[in-house]
Amino acid sequence: MAGFEPGSLPDLLPLYYRRLFPHGPYGRWLSYGGVVKNYFQRREFSFTLRDDIYVRYQSFNSPQELEKEMQKMNPYKIDVGAVYSHRPSQCNTVHRGAFQAQEKELVFDIDMTDYDDVRSCCSSAEICSKCWTLMTIAIRVIDRALVEDFGVKHRLWVYSGRRGVHCWVCDDAVRKWSSAMRSATVEYLTLVKGGSETVKKVNLTDPIHPFISNSLSLVEPYFEEYALVGQDILGSNESWEKVVALVPEHILRLLLREFPKKRDSLQRWELLKNKMDKCRPSHAESEIMLQFCFPRLDINVSKGVSHLLKSPFSVHPKTGRVSVPIDLQKLDQFDPFAVPTISRLCSELDTAHEEEEEDGEKENEAEPVPKRRTRDYKKTSLAPYVRVFERFVEEMDKSRKGELLRKSDLQGDF
Amino acid sequence: MEFSREKRLKGRLAGDRRGDLYPHSLQFYLQPPTENISLAEFENFAIDRLKLLKVVENLGVSYVKGSDEYKSRLEREIRKLKFPYKALVEDDYDARRKDHISHFILRLAYCQSEDLRRWFIQQEMDLFRYRFNALTGDLVEKFLKYVNLSYGAISKEVKEKFAVQLRNSTPGLGGAKVEELEFYKVPLQDAMDLFRVRRVYLLNGFAYVPHTDIVAIVLNNYRTKLSKALALTARSLPAVQSDERLQPLLNHLSHSYVGPDYSIQKNVGKISLEHIDALSVKSFPLCMRQLNKALRDNHHLRHGGRMQYGLFLKGIGLTLEQALQFWKSEFIKGKVDADKFDKGYAYSIRHNYGKEGKRTDYTPFSCMKIILSNPPSQGDYHGCPFRHSDPELLKQKLQSYKIPPTGITQVLELVKGMHYQLACQKYFQLTHDVDDIGFSLNHPNQYFAESQKLLSGGREVKKEPSEPESSQQKLSSQKRTNSCSIPTSSNTEADTELEGLDAYFTED
Ligand SMILES: [Zn+2]
Numbered sequence: 016m017a018g019f020e021p022g023s024l025p026d027l028l029p030l031y032y033r034r035l036f037p038h039g040p041y042g043r044w045l046s047y048g049g050v051v052k053n054y055f056q057r058r059e060f061s062f063t064l065r066d067d068i069y070v071r072y073q074s075f076n077s078p079q080e081l082e083k084e085m086q087k088m089n090p091y092k093i094d095v096g097a098v099y100s101h102r103p104s105q106c107n108t109v110h111r112g113a114f115q116a117q118e119k120e121l122v123f124d125i126d127m128t129d130y131d132d133v134r135s136c137c138s139s140a141e142i143c144s145k146c147w148t149l150m151t152i153a154i155r156v157i158d159r160a161l162v163e164d165f166g167v168k169h170r171l172w173v174y175s176g177r178r179g180v181h182c183w184v185c186d187d188a189v190r191k192w193s194s195a196m197r198s199a200t201v202e203y204l205t206l207v208k209g210g211s212e213t214v215k216k217v218n219l220t221d222p223i224h225p226f227i228s229n230s231l232s233l234v235e236p237y238f239e240e241y242a243l244v245g246q247d248i249l250g251s252n253e254s255w256e257k258v259v260a261l262v263p264e265h266i267l268r269l270l271l272r273e274f275p276k277k278r279d280s281l282q283r284w285e286l287l288k289n290k291m292d293k294c295r296p297s298h299a300e301s302e303i304m305l306q307f308c309f310p311r312l313d314i315n316v317s318k319g320v321s322h323l324l325k326s327p328f329s330v331h332p333k334t335g336r337v338s339v340p341i342d343l344q345k346l347d348q349f350d351p352f353a354v355p356t357i358s359r360l361c362s363e364l365d366t367a368h369e370e371e372e373e374d375g376e377k378e379n380e381a382e383p384v385p386k387r388r389t390r391d392y393k394k395t396s397l398a399p400y401v402r403v404f405e406r407f408v409e410e411m412d413k414s415r416k417g418e419l420l421r422k423s424d425l426q427g428d429f
Numbered sequence: 013m014e015f016s017r018e019k020r021l022k023g024r025l026a027g028d029r030r031g032d033l034y035p036h037s038l039q040f041y042l043q044p045p046t047e048n049i050s051l052a053e054f055e056n057f058a059i060d061r062l063k064l065l066k067v068v069e070n071l072g073v074s075y076v077k078g079s080d081e082y083k084s085r086l087e088r089e090i091r092k093l094k095f096p097y098k099a100l101v102e103d104d105y106d107a108r109r110k111d112h113i114s115h116f117i118l119r120l121a122y123c124q125s126e127d128l129r130r131w132f133i134q135q136e137m138d139l140f141r142y143r144f145n146a147l148t149g150d151l152v153e154k155f156l157k158y159v160n161l162s163y164g165a166i167s168k169e170v171k172e173k174f175a176v177q178l179r180n181s182t183p184g185l186g187g188a189k190v191e192e193l194e195f196y197k198v199p200l201q202d203a204m205d206l207f208r209v210r211r212v213y214l215l216n217g218f219a220y221v222p223h224t225d226i227v228a229i230v231l232n233n234y235r236t237k238l239s240k241a242l243a244l245t246a247r248s249l250p251a252v253q254s255d256e257r258l259q260p261l262l263n264h265l266s267h268s269y270v271g272p273d274y275s276i277q278k279n280v281g282k283i284s285l286e287h288i289d290a291l292s293v294k295s296f297p298l299c300m301r302q303l304n305k306a307l308r309d310n311h312h313l314r315h316g317g318r319m320q321y322g323l324f325l326k327g328i329g330l331t332l333e334q335a336l337q338f339w340k341s342e343f344i345k346g347k348v349d350a351d352k353f354d355k356g357y358a359y360s361i362r363h364n365y366g367k368e369g370k371r372t373d374y375t376p377f378s379c380m381k382i383i384l385s386n387p388p389s390q391g392d393y394h395g396c397p398f399r400h401s402d403p404e405l406l407k408q409k410l411q412s413y414k415i416p417p418t419g420i421t422q423v424l425e426l427v428k429g430m431h432y433q434l435a436c437q438k439y440f441q442l443t444h445d446v447d448d449i450g451f452s453l454n455h456p457n458q459y460f461a462e463s464q465k466l467l468s469g470g471r472e473v474k475k476e477p478s479e480p481e482s483s484q485q486k487l488s489s490q491k492r493t494n495s496c497s498i499p500t501s502s503n504t505e506a507d508t509e510l511e512g513l514d515a516y517f518t519e520d
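Order-wise, the sequence lines are chains A and B.
Counting along the first sequence from 1, when you hit position 229 you're at 244 in my numbering, and nothing is skipped either side.
Counting along the second sequence from 1, when you hit position 260 you're at 272 in my numbering, and nothing is skipped either side.
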């Protein structure tokens, strides 16, 4: 794997935006079928340029214009914002109060740093394959609730390029949600509450809401492997103190007496479960599982309609990794370390180019430019991720067509 | 008298339309009022609703919302202020109309900032909750239909299929109750406050809400509509602000704080009548000083002045007997003889003290009331001099009171910015020679009490006004006589009809 040097970005980004970025499906995604007037044109994009120069309120007449601008500016990072009442690029020409954010995808940001109190393998911006399980669990829990509870159809889950994941919920109705609706949704999806001052961050009371029991049954299969073996949360005196602090007082004393006699985390967890079984209606066992594994959402990112979020397929400027869509069918196999960096993609492109040249040049030169670009990312390890993205965009096209068909059928009745 | 008869007649004529306008005692205030209303009514409605919302706020702090004590106290206030208080009362058109119009007036005043909006929505929500909960079963259904919030109940089969989920999603239900309870299938947006705290079952984009929680849905819906409406009103505010009749009013409403009402007198009987003139110079706010002087000069005050000044005097501690003596001794110096006074005026003084008529113990007027309601007309001396005097005359008056020119300039600046109470506060500072008065002024009796506190605290008053007073008095009363012949702007305003109020509530 080619190592990534942040200093090489100015050399690599032009190539990336010219030959690798999936402009086609990207433009189709944000145009949403062109159903709503000037929807793409009223969308805010922001570019982070070299030396942290941050340019907000950019908007474009067409996906082609956006593509040209990307290729001209070669942004280090691209953020996507809201669809406004007016074109953001003209925000200075309209009355201040009239310029308002109207729609945006409902987005979620799950960041590994928010789990620092429950993971022992890494801290802050670091991640490893052990703690990545937390992201897998988060996606499973949130995605199930979005689909089954909220009736949502079109979700795009994306690796942020560094230490977390983003979710873009793109259903027509959801993009219109008010900020109150968005925060209500995040609150519904939140079980872990309180900062470093709070020891017990999950408190369950009867009756247990179906959202919680459904989530628990998604957490349980991961708990032993991830928490007991991987993080070894009952492995030592020091680590189990954090766990037993969450059980009722009398059980706590009992456990502290018994734990040293047990061999490992697995045995100690068995003991804890047995003791808890005898002290209904305590939910300590579930509360521990949830406190250590349940997704932690950043409400501020989701709440604001105008909040910006890093765009899919933007390159993370620190790691060089591309922010790629995650295939939920193969969620457990997703490996953040296998996600290609921009330097790797560029070198893959070079290799492919050399091979082609050996194969024969004539054919290649006769081809029109756009087609060549399509084939370009297909020659690299970005290809499978673009396919996931294309599938997502196609699904949306399909349900939009279904919707149109349904509407015209209805009209046909008259 | 004339007026009320006319009004009743008009009411009867409009009888048929009235029912259509307000079919329920409760409403979502979706349509702005379209009728023209007088500026005086506009002001009174606004003040009464603000009072009501203040009561709602205070009760919410002092009592558990929804407790019997809370409910009975709130009902008492609603009745007193003549808003619709019982859903069953059919013929309360006037109350419903007042409810409707006053709500929209306060929207104008309270849409201006995030803080104001939040306060307004909070109080309106509490008020609405109380009134909705007072509806009886049948009226609930009717109201829900009226506001398009009737949802389909789920079938028995669906209920059986999801019995466990429904039970676990609905705290406070006994196990068996799910079967007996009606559940409604409600779109997510309408059930926001319920699903936010996981009090309902969510399935595939719908919330399954038990009948008992429908109130939350209604409130949620009302809140959404109200906050949207306020945002829209805020956008049309520039138009309102350019309306010079409304702007000062609305500005004042939104800055108003209804403080203590000074109905409880600590000093009853401690004021002697001989001291009133001296006190009026030292410790009365300008409005009362002006009324006292007018009374002394003319040996008469018209009704508005008698109310404002009489209640103020009551507030500073005059007993009923003192009040009768005070007014009588002055009035009989003029065209009124003792007999006429006893027959014509004594009644209204006893009335003020709650000894006649409805036996309401009237409270002294606050600055807000004085500034906003019943503006003075020809021959009147009541009102707020900072609000109701021509700035030029106000300047002359302040000069005659020996206020330094820089001080006068500052006062006039505040008047120009329509900060009448701040202007009065400045006047207090200038006449008491303090830099910071350390309180915010909202009541003439507060002015008096603070002044007395300051003066009795041993602080030296720089300008002892007793000596040059007599000459000053003449001078200023002469000036004031002049002022009476000049119609002030407020006089012309008083009777104007406010047209097209609805134009300020744009729909989007
Ligand atoms: Zn790790």
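We put the beta carbon where it would ideally sit given N, CA and C, even for glycine.
Exposed unless 16 or more other CB atoms sit within 10 angstroms - verdict on Ile68 of chain A: exposed
Where DSSP assigns a beta bridge to His181 of chain A, which residues make up the other side? The bridge partners DSSP lists for His181 of chain A are A:Asp124 and A:Val173.
Could you tell me if Asp94 of chain A is buried or exposed, where buried requires 16 or more neighbouring beta carbons within 10 angstroms of its beta carbon? buried
If the cut-off is 8 Å on Cβ atoms, which residues from the region 203–234 of chain B count as contacting chain A, listed in chain order? Met204, Asp205, Phe207, Arg208, Val209, Arg210, Tyr213, Leu214, Leu215, Asn216, Gly217 and Phe218
Among the residues of its own chain, which have a CB less than 7 Å from the CB of Cys106 of chain A, if the five just before and after it don't count? Contacts found: Tyr72 and Phe114.
Does the beta carbon of Cys308 of chain A fall short of 7 Å from some heavy atom of ligand 1? no
Name all residues in chain order for which at least one heavy atom of ligand 1 lies closer than 6 Å to the residue's CB. A:Arg134, A:Cys136, A:Cys137, A:Ile142, A:Cys143, A:Lys145 and A:Cys146
What number of angstroms, rounded off, separates the C-alpha of Tyr237 of chain A from the C-alpha of Glu285 of chain A? C-alpha separation (whole angstroms): 16 Å.
For Cys136 of chain A, which of A:Val214, A:Phe55 and A:Ala242 has the nearest alpha-carbon? A:Ala242
With DSSP as the reference, identify every bridge partner of Lys325 of chain A, one or two as the case may be. A:Asp94
For Gln43 of chain B, would you say it is in contact with chain A, using Cβ-to-Cβ distances shorter than 8 Å as the test? no
Consult DSSP for Val198 of chain B and reduce its assignment to one of helix, strand or coil. strand
Starting from Asp158 of chain A, find everything on chain B with Cβ-Cβ shorter than 7 Å and list it in chain order. The premise fails here: Asp158 of chain A is roughly 15 Å from chain B at the closest Cβ pair, so nothing lies under 7 Å.
Less than 8 Å between CB atoms is the rule here; does Glu481 of chain B satisfy it with respect to chain A? Low local confidence applies: a pLDDT of 35 at Glu481 of chain B is under 50, so the model's placement there is unreliable, with the coordinate-based value given in what follows. No, its Cβ sits nowhere closer than 8 Å to a Cβ of chain A.
Answer yes or no: does any C-beta atom of chain B fall closer than 8 Å to that of His224 of chain A? yes
Closer than 8 Å to chain B by CB, Met7 of chain A: Missing from the structure shown is residue 7 of chain A; chain A here goes from 16 to 429 and no further.
Do you know how far the Cα of Ala241 of chain B is from the Cα of Ser74 of chain A? 29 Å
Once DSSP output is grouped into helix, strand and coil, what is the label at Glu256 of chain B? coil
In the DSSP output, what is Arg336 of chain A paired with across the bridge? A:Thr356
Rounded separation between Glu302 of chain A and Glu239 of chain A - CA only: If you take the alpha carbons of Glu302 of chain A and Glu239 of chain A, they lie about 15 Å apart.
With a cut-off of 8 Å, does the C-beta of Gly417 of chain A fall near any C-beta of chain B? At a cut-off of 8 Å, the C-beta of Gly417 of chain A has no neighbouring C-beta in chain B.
Is the shortest distance between the beta-carbon of Ser181 of chain B and the beta-carbons of chain A less than 8 Å? yes
For Tyr99 of chain A, which beta-bridge partners are listed by DSSP? A:Ala116
Decide yes or no for the touch test of the region 220–236 of chain B against the region 351–371 of chain B: beta carbon pairs closer than 8 Å, at least 3 of them. With a cut-off of 8 Å, the region 351–371 of chain B and the region 220–236 of chain B do not count as touching, because too few Cβ pairs lie within range.
Does Ile49 of chain B come out as helix, strand or coil in the three-state DSSP assignment? strand
For the region 92–114 of chain A, which residues have a CB atom closer than 7 Å to at least one CB atom of chain B, in sequence order? Flagged, chain order: Gly112.
Cβ-based neighbour list, Ile328 of chain B, same chain, cut-off 7 Å, excluding 5 preceding and 5 following: Asn279, Ile283, Asn457 and Phe460
Compute the distance between the beta-carbons of His394 of chain B and Leu261 of chain B, then report whether it is under 8 Å. no
Against chain B, which members of the region 193–211 of chain A pass a CB distance test of less than 7 Å? Using a CB distance below 7 Å, the part of the region 193–211 of chain A facing chain B consists of Ala195, Met196, Ala199, Glu202 and Tyr203, ordered along the chain.
Unbroken stretches of the beta strand (DSSP E), 3 residues or longer, contained in the region 252–322 of chain A: none
Tell me the rounded alpha-carbon separation between Arg211 of chain B and Leu161 of chain A. Each residue's alpha carbon lies about 17 Å from the other.
Can you find the residues in the same chain that come closer than 7 Å, C-beta to C-beta, to Asp392 of chain B, ignoring five residues on each side of it along the sequence? Arg314, Gly316 and Gly317
How big is the Cα-Cα spacing for Pro499 of chain B and Leu424 of chain B? Its pLDDT being 29, under 50, Pro499 of chain B is placed unreliably by the model, and the measurement read from it follows with that caveat. So the two alpha carbons sit approximately 20 Å from each other.
Just to confirm, is the Cβ distance from Ser175 of chain A to Lys325 of chain A under 8 Å? Less than 8 Å separates the beta-carbon of Ser175 of chain A from that of Lys325 of chain A.
Environment of Glu192 of chain B [buried if 16+ CB atoms lie within 10 Å]: exposed
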